[in-house]
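Respectively, the protein sequence lines represent chains A and B. According to the working numbering, the stretch in the first sequence is residues 1 to 296, in order. According to the working numbering, the stretch in the second sequence is residues 297 to 564, in order. The structure under discussion appears below in the form of C-alpha cells.
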Amino acid sequence: MMDKPWNNKAWFFILPVLALVLFSSVLPVMTVVNYSLQDSMGVNNFFWNGDAWFRDLLDPSTEIGARFADALLRTFAFSFAALAVEIPLGIAVALCLPRRGWAVGISLVVTALPMLIPWNVVGTMWQIFARQDIGLFGAALTGIGLPYNVTQDSVSAWVTIVVIDVWHWTPLVILLSYAGLRAIPDAYYQAARIDGASRWAVFVNIELPKLRKVLVIAVLLRFMQTFMIYTEPVVVTGGGPGSATTFLSIDLVKIAIGQVDVGSAAAMSLVYYIIILTACWIFFTIMTQLERRGDS
Amino acid sequence: MRSTIAPRISLIIYLLALMLPVYWLINLSLRTNADIMSGMALWPHHPTLEKYRAIFADPTWVHAFGVSLSYVAINTVISVSVALPAAYAFNRYRFVGDKHLFFWLFTNLMAPSAVFALPFFNLFYAVGLFDTVWAVALAHCLFNVPLAVWILEGFVGGVPREIDETAAIDGYSFPRFFLRLFLPLIANGIGVTAFFCFMFSWVEQLLATTLTSSNALPFAAVMTRSYSASGMDWSLLAAAGVLTMVPGAVVIWFVRNHIAKGFALGRV
Chain A
1 MMDKPWNNKA
11 WFFILPVLAL
21 VLFSSVLPVM
31 TVVNYSLQDS
41 MGVNNFFWNG
51 DAWFRDLLDP
61 STEIGARFAD
71 ALLRTFAFSF
81 AALAVEIPLG
91 IAVALCLPRR
101 GWAVGISLVV
111 TALPMLIPWN
121 VVGTMWQIFA
131 RQDIGLFGAA
141 LTGIGLPYNV
151 TQDSVSAWVT
161 IVVIDVWHWT
171 PLVILLSYAG
181 LRAIPDAYYQ
191 AARIDGASRW
201 AVFVNIELPK
211 LRKVLVIAVL
221 LRFMQTFMIY
231 TEPVVVTGGG
241 PGSATTFLSI
251 DLVKIAIGQV
261 DVGSAAAMSL
271 VYYIIILTAC
281 WIFFTIMTQL
291 ERRGDS
Chain B
297 MRSTIAPRIS
307 LIIYLLALML
317 PVYWLINLSL
327 RTNADIMSGM
337 ALWPHHPTLE
347 KYRAIFADPT
357 WVHAFGVSLS
367 YVAINTVISV
377 SVALPAAYAF
387 NRYRFVGDKH
397 LFFWLFTNLM
407 APSAVFALPF
417 FNLFYAVGLF
427 DTVWAVALAH
437 CLFNVPLAVW
447 ILEGFVGGVP
457 REIDETAAID
467 GYSFPRFFLR
477 LFLPLIANGI
487 GVTAFFCFMF
497 SWVEQLLATT
507 LTSSNALPFA
517 AVMTRSYSAS
527 GMDWSLLAAA
537 GVLTMVPGAV
547 VIWFVRNHIA
557 KGFALGRV
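So, in C-alpha cells, the structure goes:
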C-alpha cells in the first residue's frame with residue numbers, strides 16, 4: 001500500500017475522533033500524571049512530591065512496593081494460565097464448527113452469547129454456579145469429593161477465576177480462528193486430499209500458517225483483557241481468600257477508592273499503563289510486519 | 297473431510313458446557329427462594345414467573361433498563377459516526393503522523409478502565425455530567441471510538457479505490473459521494489461495527505457504575521445493589537441476570553451472518 005496519495009487535508013477527517021479521544025483519554029491520563037507527582041493533605045490540598053511514589057512502588061522492600069510486585073506477578077500468572085487454555089481450545093472448537101448449512105448461524109450465536117453478558121452478571125452467574133449449596137458446578141465438584149470452596153480455599157478460587165475467563169472469552173478466540181479458517185480457499189484442501197495428507201498434516205501445513213495473523217490478534221486481545229481483569233473476580237471472590245486473587249486492577253481500585261490514597265494509586269496506574277503500552281507496541285509491530293509480508 | 301462425526305460431537309459438548317451456567321441461571325430464576333434453598337433440582341419443578349413480574353412492576357428496574365439501553369445507543373451512534381471519516385482517511389491517504397496516530401488510537405483500545413475510573417469521576421463531576429447517561433456514553437468512547445476506527449478501516453479497505461476515482465470523474469462532490477455511494481457499500485461493516493460498540497458498551501460495568509449514582513444507574517448496577525440491600529434474593533438476582541442477556545441475544549441474532557466476516561475483515 002505504498003501508492004496511497006499524500007494529503008494532509010485528511011487530518012480534517014480525523015478531527016472529530018481526535019477531539020473526542022483528547023477529552024476521554026488524554027485529559028484523564030494527565031490528571032493521573034498530576035496526582036502521581038503530588039501528595040494530598042485532606043481534600044484539595046496538594047503539594048509537590050516528585051518521584052517519591054514511583055520510588056516506593058518500584059522498590060519491593062517497601063510495603064506498597066511488595067504489594068505491587070505481588071499483584072503484578074499474580075496478574076501475569078493469570079494471563080498466562082488463561083491464554084494457555086483459551087488459545088488451543090479456541091482453535092480446536094473453531095475447527096469443529098460447520099462451514100455451511102443451517103447449523104452455522106445457531107452455532108455462532110450460541111458461541112458468542114457469553115461475550116454479550118455484562119461482566120458483573122457473568123460474575124453473579126458464576127458466583128451462584130460455583131456455590132456448593134445452590135450451584136451445579138460447586139455441588140458437582142463437592143459431590144465427587146474434591147475440596148472445593150471458592151471463598152475459603154485459594155486453589156479453588158484460582159481455578160474458578162480461570163474457568164470463568166475461559167468460559168467467557170474462549171468464544172473470541174473461536175470466532176477469530178473461524179474467520180481465519182473460512183478465508184482459506186477450498187483448493188488448498190483439495191490439493192491436500194489429492195496428496196493424501198493426514199488431518200494433522202493439513203492442520204500444521206495449511207491451517208496453522210493461515211491462522212497466524214488472526215492468532216496474533218487473539219493473543220494480543222486476550223492478553224490485554226486478562227491483564228486488566230477486574231469485575232469477575234471482584235464479584236466472585238472479592239480478591240480473596242486473603243489476597244490470592246487480587247489482580248492489579250483490583251488492587252488499584254482498592255487503593256484509589258477504598259483507601260483514598262490517590263498519589264500511590266496514580267503512580268501505580270501509570271506503571272500499569274506503561275506495561276500495557278509496551279506490550280501493545282510489541283504486538284502492533286509484529287502485526288504490521290505480518291501485514292506487510294501478506295501484502296507483498 | 298473424512299469424518300464429521302467426532303467434530304460434531306465435540307462441538308455439541310462444548311456448546312452444552314457453554315450454556316450450562318446460563319441454563320442454571322434460568323433454572324434458578326424460575327424458582328422461588330424457598331424452593332432454591334430446599335435442595336438441588338436440575339429443572340424447576342414448579343416454574344413461576346413471579347420474579348420477572350416483580351422486576352417489570354418496579355420502576356427502579358424498568359428505569360435502569362432504559363438507562364442502560366440509552367447510553368449504549370448514544371455511545372454507538374457517536375462512535376460510529378466520528379469513526380467513519382477517520383477510517384476513510386486512514387485507509388485512503390497518507391498524512392503527517394498517520395502511523396503514530398493510528399497506534400495511539402489503538403493503545404486507547406487497551407486502556408484499563410481501573411486506571412480511568414477516578415479521573416473520569418473528577419472530570420465528569422467538574423463538567424456537570426456526573427450521573428447522566430451522557431457521562432457513561434462519553435466515557436465508553438474511550439475504547440469504542442478507536443475500536444470503531446479499527447474495524448471500519450478494514451471494511452473501507454475492502455472497497456476498491458477506483459470507485460472513489462470514478463465518482464469524482466462523474467462529478468460527485470465529496471460529501472455526496474461519501475453519503476450516497478460510499479456508505480451503502482460498507483453497510484455491512486457499519487452494522488458489524490455498531491454491533492461491537494454495542495457489545496463493549498453493554499458489558500462494561502466498572503466505568504458505568506463509577507460515573508452514576510442514582511438517576512442514571514445501569515441495570516446491572518441495580519442488580520449488584522439489590523443484593524447487598526435485601527440479603528440474598530437469589531431468585532430475583534437470577535431473573536435480573538437473565539434479562540441482561542436478552543438485548544445481547546437479540547442483537548447478535550441480527551448480525552449472525554456477518555459476524556465471522558466482520559471478524560476476518562475488520563480484524564477485531
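All C-beta atoms, glycine included, are put in the ideal place defined by N, C-alpha and C.
Below-8 angstroms beta-carbon distance, residue i vs any chain B residue
i        : result
A/Ser296 : Confidence in A/Ser296 is poor, its pLDDT being 42 and thus under 50, which makes the residue's placement unreliable; the coordinate value appears in the next sentence. It does not; no Cβ of chain B falls within 8 angstroms.
A/Trp6   : yes
A/Ile144 : no
A/Gly298 : This structure does not reach residue 298 of chain A, given that chain A is present from 1 up to 296, and the question cannot be answered.
A/Ala336 : Because residue 336 of chain A is not part of the residues shown, which for chain A are 1 to 296, the question remains open.
A/Trp119 : yes
A/Leu37  : no
A/Ser24  : yes
A/Ile184 : no
A/Trp167 : yes
A/Ala10  : yes
Contacts that residue i makes with chain B (C-beta to C-beta distance below 7 angstroms)
i        : result
A/Lys210 : Going along chain B, no residue has its Cβ under 7 angstroms from A/Lys210, so there is no contact; the nearest lies around 11 angstroms.
A/Leu97  : Leu307
A/Phe13  : Pro381, Ala382, Tyr384, Ala385
Min CB distance residue i to chain A below 8 angstroms
i        : result
B/Leu513 : no
B/Trp498 : yes
B/Ser510 : no
B/Thr462 : no
B/Trp530 : yes
B/Ile459 : no
B/Ser366 : no
B/Tyr389 : yes
B/Phe412 : yes
B/Ile482 : no
Check whether residue i and residue j have beta carbons under 8 angstroms apart
i        : j        : result
A/Ala179 : A/Tyr35  : no
B/Ile403 : A/Leu277 : First, the amino acid is wrong: residue 403 of chain B is Thr here, not Ile. Yes, Cβ-Cβ distance for B/Thr403 and A/Leu277 is below 8 angstroms.
B/Ile351 : B/Ala535 : yes
A/Phe283 : A/Thr75  : no
B/Ala382 : B/Val455 : no
B/Ser364 : B/Glu500 : no
B/Val452 : B/Ile482 : yes
B/Ser325 : B/Val488 : no
B/Ile370 : B/Val423 : no
A/Asn8   : B/Phe478 : no
A/Ile117 : B/Trp530 : no
B/Pro303 : A/Leu95  : yes
A/Leu248 : A/Ala71  : yes
B/Ser366 : B/Asp427 : no
A/Ile161 : A/Thr246 : no
Proximal chain A residues relative to residue i, where beta-carbon distance stays under 7 angstroms
i        : result
B/Val445 : Val17
B/Thr520 : Asn120
B/Asn418 : Thr31
Where the alpha helix (DSSP H) through residue i begins and ends
i        : result
A/Ile144 : Here A/Ile144 belongs to no alpha helix (DSSP H), and DSSP marks it neither H nor E.
A/Met224 : 208 to 227
A/Asp261 : First-last for A/Asp261: undefined, no H or E at that position.
A/Pro88  : 63 to 96
A/Ala52  : 52 to 58
A/Ala244 : No alpha helix (DSSP H) holds A/Ala244; DSSP gives it neither H nor E.
B/Asn329 : 329 to 333
A/Trp11  : 11 to 21
B/Ile309 : 301 to 325
A/Met30  : 27 to 36
A/Ile194 : 186 to 194
Interface residues of chain A facing residue i [CB-CB closer than 8 angstroms]
i        : result
B/Ile555 : Leu108, Ala112, Leu175
B/Thr489 : Correct list: empty, because the minimum Cβ distance to chain A is about 13 angstroms.
B/Thr540 : Ile117, Pro118, Val121
Contacts that residue i makes with chain A (C-beta to C-beta distance below 9 angstroms)
i        : result
B/Phe402 : Cys280, Phe284
B/Val429 : Correct list: empty, because the minimum Cβ distance to chain A is about 15 angstroms.
B/Ala534 : Thr124, Met125, Ile128
Proximal chain B residues relative to residue i, where beta-carbon distance stays under 9 angstroms
i        : result
A/Leu277 : Thr403, Met406
A/Val162 : Result: empty, since nearest Cβ-Cβ is about 15 angstroms, beyond 9 angstroms.
CB contact below 8 angstroms: residue i versus chain D
i        : result
B/Phe361 : Considering every chain present, this structure includes no chain D. Its protein chains are A and B.
Neighbour list for residue i in chain B, Cβ cutoff strictly below 8 angstroms
i       : result
A/Val93 : Ser306, Leu307, Tyr310
Just list the alpha helix (DSSP H) runs in the stretch 401 to 460 of chain B, keeping only unbroken ones of 4 residues or longer that don't cross its boundaries, in chain order. Within the stretch 401 to 460 of chain B, complete alpha helix (DSSP H) segments of at least 4 residues are found at 409 to 422, 429 to 453, given in chain order.
Where are the alpha helix (DSSP H) runs, 4 residues long or more, that stay fully inside the stretch 450 to 522 of chain B, in chain order? DSSP assignment within the stretch 450 to 522 of chain B yields the following whole alpha helix (DSSP H) runs of 4 residues or more, N-terminal first: 457 to 465, 483 to 499, 502 to 506.
Alpha helix (DSSP H) runs wholly inside the stretch 342 to 385 of chain B, at least 4 long, in chain order: Within the stretch 342 to 385 of chain B, complete alpha helix (DSSP H) segments of at least 4 residues are found at 346 to 353, given in chain order.
Can you list, in chain order, the stretches of the alpha helix (DSSP H) that have 4 or more residues and sit fully within the stretch 110 to 171 of chain A? Taken in chain order, the whole alpha helix (DSSP H) runs of length 4 or more contained in the stretch 110 to 171 of chain A are 119 to 129, 136 to 143.
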